[in-house]
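Asker: Quick one: the structure is below, and I'll ask about it shortly.
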Amino acid sequence: MIELQERKMKLIQEGKAVILAPDAKKVSKKMEVFYNPAMQTNRDITVLILNAIPDKQLRIADPLAGTGIRAIRLCKELETEKIDHVFINDHNEDAVKIIQENLQNNKLTHYDTDNETFFQTRNNQEHEKHHVHIYNQDANMFLLKSTGFDYIDIDPFGTPNPFLDAAIQRISRNGILGITATDTAALAGTYRDVCQRKYWAMPELSALKHEIGLRILIRKVQLVGMQYEKALTPIYAYSHQHYMRVFFRAQKSKEECNILLKNH
Numbered sequence: 037m038i039e040l041q042e043r044k045m046k047l048i049q050e051g052k053a054v055i056l057a058p059d060a061k062k063v064s065k066k067m068e069v070f071y072n073p074a075m076q077t078n079r080d081i082t083v084l085i086l087n088a089i090p091d092k093q094l095r096i097a098d099p100l101a102g103t104g105i106r107a108i109r110l111c112k113e114l115e116t117e118k119i120d121h122v123f124i125n126d127h128n129e130d131a132v133k134i135i136q137e138n139l140q141n142n143k144l145t146h147y148d149t150d151n152e153t154f155f156q157t158r159n160n161q162e163h164e165k166h167h168v169h170i171y172n173q174d175a176n177m178f179l180l181k182s183t184g185f186d187y188i189d190i191d192p193f194g195t196p197n198p199f200l201d202a203a204i205q206r207i208s209r210n211g212i213l214g215i216t217a218t219d220t221a222a223l224a225g226t227y228r229d230v231c232q233r234k235y236w237a238m239p240e241l242s243a244l245k246h247e248i249g250l251r252i253l254i255r256k257v258q259l260v261g262m263q264y265e266k267a268l269t270p271i272y273a274y275s276h277q278h279y280m281r282v283f284f285r286a287q288k289s290k291e292e293c294n295i296l297l298k299n300h
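Right, here's the structure in full:
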């Protein structure tokens, strides 16, 4: 316990995972290793969505992992046959060290670190025994170096915009893309100019502000997807507390993109 206090860390249980997380009074992007307890519902729903879809043997990517809580929960709470490999990335070296500790504390010991050769082929026998792969890279570079994933989770501090291009390029055919936006003041109409700049749409500060904000977020993601001829159809969307969240199913189809475009 003394050691944890000296490190300014604490043990937290969330779902079936027990992790080390920063002992911080306030959540901010200045935290050395990012963990937001208010996002537990976000992670709960991610587990439910992935368990509910019929897809099997998913290649899962968490490019903005922080403590690794989301990926660890997916490893422990998804049905066994759902997972092929889980890729965990964070640009922060301290975060990567905490992720490794958290994997070990949750008895997820079959992992390797920063081996880019696995990105080049899906038939690398050396890695078949490794269920989890840890990377210490820029999130966009991590995604773009890969051969693609069946599920990508984008859960940033603020807007997801900086990560949309890379995530959409690397989501597989019929893959699922989970997108979070925490800049709800823009999407819900408090800062209209910011919303126009970032999301190319005018928000509405009214009783419908969260509904409209979700539609603005969906539209932005779909328009970026169309640049790569990927039609992104929302399968579940909600607004909760300080964030908005949408899950999309991806299809590689010019025709489907044209259909979506007519809605905009």
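In the working numbering, the protein residues as written are 37 to 300.
Idealized CB from N, CA, C, for every residue including glycine.
1. For A101, which of helix, strand or coil comes out of DSSP?
2. Label D59 either buried or exposed according to how many other C-beta atoms from any shown protein chain fall within 10 Å of its C-beta, with 16 as the threshold for buried.
3. Since A267 sits in a beta bridge, which residues does DSSP pair it with?
4. If you count every other CB in all the chains shown that lies within 10 Å of the CB of R106, and 16 or more means buried, which is it?
5. Would M238 be called buried (16 or more neighbouring beta carbons within 10 Å of its own) or exposed?
6. According to DSSP, is H246 helix, strand or coil?
7. Can you grab the Cα-Cα spacing for the pair F193 / S289, in whole Å?
8. Run the CB neighbour count on R251, radius 10 Å, all protein chains shown included, and call it buried at 16 or more, exposed below.
9. Evaluate S303 with the Cβ neighbour count: other Cβ atoms within 10 Å of its Cβ, from every protein chain shown; 16 or more gives buried, anything less gives exposed.
10. May I ask which residues mark the beginning and end of the beta strand (DSSP E) holding Y171?
11. For M262, which option in F123, V282, R281, I204 has the closest C-alpha, if you only look at C-alpha atoms?
12. For the alpha helix (DSSP H) holding E137, just list the boundary residues, first then last.
Answerer: In short, the structure shows the following:
1. Mapped onto the sequence shown, residue 101 falls at position 65. The answer is coil: DSSP assigns A101 none of H, G, I, E or B.
2. For this step, residue 59 is matched to residue 23 along the sequence shown. Result: exposed.
3. Here residue 267 refers to the residue found at position 231 when the sequence shown is read from its first residue. The partner list for A267 (beta bridge, DSSP) reads Q287.
4. Translated into the one-based positions of the sequence shown, residue 106 becomes position 70. Buried, by the Cβ-count rule.
5. Along the sequence shown, one-based indexing puts residue 238 at 202. Label assigned to M238: exposed.
6. On the sequence shown, residue 246 is found 210 positions in, with the first residue counted as 1. H246: helix per DSSP, three-state reduction.
7. Walking along the sequence shown from the start, residue 193 turns up at place 157. Walking along the sequence shown from the start, residue 289 turns up at place 253. Taking the CA atoms as reference points, F193 sits about 31 Å from S289.
8. The residue given as residue 251 occupies position 215 in the sequence shown. That one is buried.
9. There is simply no residue 303 to check, as the chain begins at 37 and stops at 300 in what is shown.
10. On the sequence shown, position 135 is the one that residue 171 refers to. Going by DSSP, Y171 is part of the beta strand (DSSP E) stretching over 168 to 171.
11. As a working mapping, residue 262 is identified with position 226 in the sequence shown. Nearest C-alpha to M262 among F123, V282, R281, I204: I204.
12. As a working note, residue 137 is residue 101 in the sequence shown. It spans 129 to 141 - the alpha helix (DSSP H) in which E137 sits, taken as one unbroken run.
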